Amino acid sequence: RPPQPLIWRLQALLSAYLPLLLMAFLASGTWWLVKNTPSSEDPTEAAPLRHEPDYQMQGFELQRIAADGLLRVRIEGTELRHYPDNDTMEIDGIRLRAVGADGSVTLARASRALSNGDGSELQLMGSVQVQRFEGDGSTGEPKAAPQLVVRGEFLQVLANSEQLRSHLPVQINYAGGELQAQSFEFDHVRGLMKFSGRTTGRF
């Protein structure tokens with residue numbers, strides 16, 4: 068056979084290898100796409116939460132009702148702000164009423180308060196006053212005179228363990244006397260009051 072022209076041989080070569088070249092090109096393109104496309108299974112970093120309130124309430128009232136249907140805690144305030152980054156609440160102009168299992172009633176007020184998410188720990192700040200009354204077990208109403216009155220600029224209330232604490236000076240009226248203490252702890256369940264620092268009393 069006479070030799071074929073060079074152009075014809077080149078066309079025959081390309082037509083024979085063109086499908087292979089196209090497959091290689093598609094495979095390399097697919098590999099590149101897979102390599103450079105982010106996988107949906109890759110862990111994504113959550114954006115850090117900023118200390119900004121996710122909701123606010125003005126002129127609010129919160130209540131906690133026990134299993135027996137009786138009111139245990141009522142919190143009122145002029146404004147509440149919830150912060151999702153640490154699950155805390157800030158309350159301005161707080162007024163609190165808590166009824167213990169024994170019927171005792173605690174009334175508290177302060178300029179500002181900071182509470183954890185479930186309300187089991189409350190920090191009262193600014194013009195704090197707490198009054199604890201013996202209660203009438205049938206109605207849950209406080210008796211005329213408070214058993215305990217605490218005044219100061221800071222007070223920590225631990226609701227679950229029924230404790231009051233302060234690392235700042237407080238004035239305490241208790242059992243007919245008046246105490247000025249640098250810091251104190253009061254455990255209602257054990258009936259125990261502790262003082263530290265310079266403490267003076269008048270009975």
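So in our numbering, spot 202 of the sequence shown is number 269, and the numbers just go up one at a time. Where is the CB? At the ideal position from N, CA and C, for every residue including glycine. All values reported here derive from a predicted model rather than from experimental measurement.
- [ ] Tell me where the beta strand (DSSP E) around residue 222 begins and ends.
- [x] Residue numbering aside, residue 222 sits at position 155 when the sequence shown is read from its first letter. Here the beta strand (DSSP E) through residue 222 covers 215-225.
TODO: Can you say whether residue 197 is buried or exposed, counting buried as having 16 or more other CB atoms within 10 angstroms of its CB?
DONE: Here the question's residue 197 lines up with position 130 in the sequence shown. Looking at its Cβ environment, which holds 16 or more other Cβ atoms inside 10 Å, residue 197 is buried.
Task: residue 253, DSSP secondary structure in three states - done: One-based indexing of the sequence shown puts residue 253 at position 186. Assigned with DSSP and collapsed to three states, residue 253 falls in strand.
Task: Beta-carbon proximity check, residue 141 vs residue 130, cutoff 7 Å - done: Translated into positions along the sequence shown, residue 141 becomes position 74. Translated into positions along the sequence shown, residue 130 becomes position 63. Cβ atoms of residue 141 and residue 130: closer than 7 Å.
Task: C-alpha distance - residue 222 paired with residue 167, whole-angstrom precision - done: As a working mapping, residue 222 is identified with position 155 in the sequence shown. As a working mapping, residue 167 is identified with position 100 in the sequence shown. Residue 222 and residue 167: Cα-Cα distance of roughly 18 Å.
Task: Own chain residues within Cβ distance below 6 Å of residue 264, not counting five before or after - done: Walking along the sequence shown from the start, residue 264 turns up at place 197. Counting only Cβ-Cβ distances below 6 Å, and skipping sequence neighbours, we find 249, 250.
Open item on the list: Using only the alpha-carbon positions, how far apart do residue 202 and residue 183 sit?
Closed with: Counting from 1 along the sequence shown, the entry for residue 202 is found at position 135. Counting from 1 along the sequence shown, the entry for residue 183 is found at position 116. Those two C-alpha atoms are separated by around 27 Å.
TODO: Sort 154, 199, 247, 148 by Cα distance to residue 172 and report the nearest one.
DONE: Within the sequence shown, numbered from 1, the residue matching residue 172 stands at position 105. Ranking 154, 199, 247, 148 by Cα distance to residue 172 puts 199 first.
Open item on the list: Just to confirm before moving on: does the CB-CB distance between residue 230 and residue 254 stay below 7 Å?
Closed with: Along the sequence shown, one-based indexing puts residue 230 at 163. Along the sequence shown, one-based indexing puts residue 254 at 187. Contact flag set, yes.
TODO: Can you give me the start and stop residues for the beta strand (DSSP E) that residue 159 sits inside?
DONE: Numbered from 1 along the sequence shown, position 92 holds the residue referred to as residue 159. Unbroken beta strand (DSSP E) run through residue 159: 155-166.
Open item on the list: Please tell me whether residue 274 and residue 186 are closer than 7 Å, where the distance is taken between their beta carbons.
Closed with: There is no way to answer for residue 274, as the model of the chain reaches only from 68 to 270.
Open item on the list: Need the endpoints of the beta strand (DSSP E) that residue 149 sits in, please.
Closed with: Start at 1 with the first residue of the sequence shown, and residue 149 comes out as number 82. Segment 138-150, the beta strand (DSSP E) holding residue 149.
Open item on the list: Can you tell me whether residue 117 is helix, strand or coil according to DSSP?
Closed with: Locating residue 117 in the sequence shown gives position 50, where the first residue counts as 1. In this structure, residue 117 counts as coil in the three-state DSSP scheme.
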